[in-house]
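Only one structure is covered here, and it is reproduced in the block below.
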């Protein structure tokens, strides 16, 4: 029974880590970025797209399958991962 939880936890960790977009890869210029926040503070948000104007960001957010899980944030400077 315990091994099922271990295998499930490892699979979930690999899946979440595999789709994460780092700040260095996603941030290119100041503007509005579409991001998926994480429940844990240690797990940084995933940056999906940007930079946009606010209207463009909201339009793309509403086109997503689960827009309630995404948010548009205004990033004026490159966020740090620490």
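Numbering (my numbering), first residue to last: 361 to 442.
We put the CB at the ideal spot given by N, CA and C, even for glycine.
This one's a predicted model, so the numbers in the text were calculated from it and none came from an experiment.
Of the listed residues 435, 399 and 412, nearest to residue 429 (C-alpha basis): 399
What is the C-beta distance between residue 407 and residue 386, in whole angstroms, given that I count them as a contact (C-beta under 8 Å)? 3 Å
Opposite residue 409 in the DSSP bridges: which residues? 394
Can you give me the C-alpha to C-alpha distance between residue 433 and residue 393, rounded to a whole angstrom? So the alpha carbons of these two residues sit roughly 5 Å apart.
I'd like the span of the beta strand (DSSP E) that includes residue 435, first residue to last. 431–435
Label residue 421 either buried or exposed according to how many other C-beta atoms from any shown protein chain fall within 10 Å of its C-beta, with 16 as the threshold for buried. buried
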